[in-house]
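Residue numbers (numbering that gives the first Met the number 0): 0 to 81.
For each residue, glycine too, the CB sits at the ideal point set by N, CA and C.
From a predicted model like this one, the values you see are computed outputs, not experimental measurements.
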Amino acid sequence: MTENETKRSCLVGAKQVRRALRDGVAEKILYARDADPALIEPLLDVCKEQAVPAEPVRSMRELGHLCGIETKAAIAAHVRKS
0 MTENETKRSC LVGAKQVRRA LRDGVAEKIL YARDADPALI EPLLDVCKEQ AVPAEPVRSM
60 RELGHLCGIE TKAAIAAHVR KS
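Written out as structure tokens, the structure is:
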């Protein structure tokens, strides 16, 4: 996935990712390796249940940059465009 693709179709944060998974629009989940496991692991379990791929990113800072935001991000969803 290129950086531009990620910026155009990225939902950031646990609440947004949970909603994307629930609504069936998440194509891939990106999560930071240095994020709090208590936040990330339940969402990764849902990914496994729904067969949505989850890909680690080196850091929260890098994930925020990939998503085009100025802050760190723990988890994000690459969503299907409508």
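- Taking V78 as the centre and dropping the five residues before and after it, the same chain places the C-beta of S8, L10, A19, V24, A25, E26 closer than 7 angstroms to its C-beta, in chain order.
- For E40, the uninterrupted alpha helix (DSSP H) run begins and ends at 36-49, by DSSP.
- The beta-bridge partner set that DSSP reports for E54 consists of L29.
- A distance below 7 angstroms separates the beta carbons of L42 and V16.
- With contacts defined as CB atoms closer than 7 angstroms, C46 and I28 qualify as a contacting pair.
- A31 sits buried, since 16 or more C-beta atoms from the chains shown fall within 10 Å of its C-beta.
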